[in-house]
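Residue numbers (our numbering): 25 to 125. Below is one structure, written out as structure tokens, with a few remarks after it.
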């Protein structure tokens with residue numbers, strides 16, 4: 025069984041809809057609906073695992089994996105980016121905490 029290519033059908037900005045576009049054939053609408061359901065399931069799994077990824081970021085990750093990016097390497101990069109972001113926010117948080125005291 026061949027999986028649907030999410031990169032060809034999924035909206036980029038996470039604005040997917042279960043309603044088919046009027047100009048789509050029945051097959052295209054069914055494929056779009058299947059992709060939308062798949063992304064919804066992936067987002068729910070992502071939330072259960074507390075990844076912190078939104079629909080847009082998750083969609084980009086799926087697209088990268090479909091293009092051959094190693095998922096484990098991608099995961100490591102995302103973790104490092106999150107750590108770097110938190111490190112950059114830490115001084116801001118400390119400053120605002122000290123100002124409130």
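Idealized CB from N, CA, C, for every residue including glycine.
Proximity to residue 81 across 114, 99 and 94 peaks at 99, based on C-alpha coordinates. Annotation for residue 57: the continuous alpha helix (DSSP H) segment containing it runs 50-72. If the five residues before and after residue 67 are omitted, its C-beta is found closer than 7 Å to the C-beta atoms of 79 and 82, all from its own chain and listed in chain order. Per DSSP, reduced to three states, the secondary structure at residue 81 is helical. Secondary structure at residue 100: helix, using DSSP grouped into helix, strand and coil.
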